[in-house]
Amino acid sequence: MKNRLIIGVLLSAACAVDAGAQRAEPSGARAFTIEAAGGTVGSLAGVVTGLAIARIDRCGDEELSCNLSALAVGAIAGTIGATAGSVIAGRMNDTRPSPIGAFAGAVAGAFAGVGAIHLLTEEANVRLNRPVVLLVFSVAQGVLTAAGSRLGAAIAR
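Residue numbering for the sequence shown follows the numbering used here, beginning at 1 and increasing consecutively.
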């Protein structure tokens, strides 16, 4: 078992080196998709970490200040995570991401994520459980993070 793992790692490394030598810069749509995926994963990781640090589970339903402060910590951590995820995914795939554009997009994405959740829960009367809320927020933030990064990269060229 251990030998198979070592052989798998060595083959993966050899393929990565070979692919890196032949890799061209991804197209606009592919670069956007790569950075959006990274931003979404980073946002989700950041929000979950932020909510765990803020210990939102200790807030009661009627404790508005506790809930708002915990959600603010989650949104800030999500913004940091989305920015980092988008930039890291972009750099790993040679998309030439814009960290400043990604950060601006992540901030806008945090507001869009809150708006999307409000639209679904209040206007469309859809009852969402916590994992779905996290996913809706993270996808909105990840997509806008990638949009900001691509826009920033286009301006920088």
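Each residue gets a CB set at the ideal place from its N, CA and C atoms; glycine is no exception.
- By alpha-carbon distance to valine 114, the top candidate from Thr33, Ala29, Gly74, Gly42 is Gly74.
- In this structure valine 47 does not touch serine 149 by the C-beta definition: roughly 19 Å separates them, more than the 8 Å allowed.
- Three or more Cβ pairs closer than 8 Å define a contact, and the stretch 115-129 falls short of that threshold against the stretch 65-83.
- Nearest in C-alpha terms to threonine 79, of all of Thr95, Gly50, Ile56, is Gly50.
- Look at proline 131 here: in three-state DSSP terms it is helix.
- Per DSSP, threonine 121 is not a residue of any alpha helix (DSSP H), being assigned neither H nor E.
- Beyond the five residues adjoining it in sequence on each side, glycine 38 comes within less than 7 Å, by CB distance, of Gly85, Ser86, Ile88, Ala89, Gly90 in the same chain, given in chain order.
- Note that the C-beta distance between cysteine 59 and alanine 70 is below 7 Å.
- For glycine 38, the enclosing alpha helix (DSSP H) starts and ends at 28-54.
- Its chain contains Ala36 as the residues whose beta carbon lies nearer than 6 Å to that of valine 143, once the 5 sequence neighbours on both sides are disregarded; these appear in chain order.
- If you look at serine 65, you'll find it in the alpha helix (DSSP H) that goes 64-92.
- Setting aside the 5 residues that flank it on each side, proline 99 is surrounded in the same chain by Val87, each with a C-beta closer than 6 Å to its C-beta; the list follows chain order.
- The distance from the Cβ of alanine 29 to that of glycine 101 is about 17 Å, inconsistent with a contact at the 8 Å cut-off.
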